[in-house]
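To keep things clear, I will list the structure first and then write my remarks on it.
Numbering (this note's numbering), first residue to last: 37 to 246.
Quick look at the structure:
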């Protein structure tokens, strides 16, 4: 049980239509591939590609279009020439002509995407002497671009904002669900999530419904 969903406003460019044969299908599927970037609240960014399922007559949006996107995500965890991948569930372009100056007037001021993850803690430790800040490495997997892909995220927790939790005491391999925003792109590889909400002991919760 694992998942990684990202949503927010993204600028897209370089759209091209592609046909491919999915492993689970006997007929070609059509999608549009766009280039974009994932921006962090501390100023860094990571190159990414987005695929959008489409019909043969669907229009490719112009370069520099801003779209609200909800997508299944893969975020690379190593300092390699790998880029992030988003498999769009919803792709909603903002109306207007991106080549016009007036287009900027409708753009949202918030450019940092939100993340909802369900994954297992691989390690955790306090990052402040008072024990109120913790960092947990969480492994999430998601079905992206016709394959299951794993992401390893660094989740930053302010324990004072999450009363009742002490993240550094989470047992290894415990299943948690978290919500937050992309905080930073780490030079050695990977991304940090600024966690605002968390659900713990998800293994126990899921077992109650069986």
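We put the CB at the ideal spot given by N, CA and C, even for glycine.
A quick note: this is a predicted structure, and the numbers were derived from the prediction, not measured.
May I ask which residues mark the beginning and end of the beta strand (DSSP E) holding residue 93?
Here residue 93 belongs to no beta strand (DSSP E), and DSSP marks it neither H nor E.
For the structure I just gave you, are there three or more beta carbon pairs, one from the stretch 185-194 and one from the stretch 131-145, closer than 8 angstroms?
no
Rounded separation between residue 43 and residue 236 - CA only:
22 angstroms
Could you pull out every unbroken beta strand (DSSP E) segment of at least 3 residues lying fully inside the stretch 104-140, listed in chain order?
120-129
Own chain partners of residue 176 with C-beta closer than 6 angstroms, once the 5 adjacent residues on each side are dropped:
38, 40, 153, 155, 187
Going by beta carbon distance, what residues of the same chain come within less than 7 angstroms of residue 67, once the five residues before and after it are set aside?
54, 87, 88, 89, 90
What are the boundary residues of the beta strand (DSSP E) that residue 222 is part of?
Segment: none, residue 222 is in no beta strand (DSSP E) and carries neither H nor E.
Is the beta carbon of residue 102 closer than 8 angstroms to that of residue 127?
no
Could you spell out the range, first to last residue, of the beta strand (DSSP E) harbouring residue 187?
183-194
Could you give the C-beta distance for residue 148 and residue 76, rounded to a whole number, given that I count them as a contact under 8 angstroms?
7 angstroms
Alpha carbon to alpha carbon, what distance is there between residue 96 and residue 219?
31 angstroms
In angstroms, rounded to a whole number, what distance separates the CA positions of residue 48 and residue 229?
23 angstroms
Cutoff 6 angstroms; reference residue 233; Cβ partners in own chain excluding five residues on either side:
215
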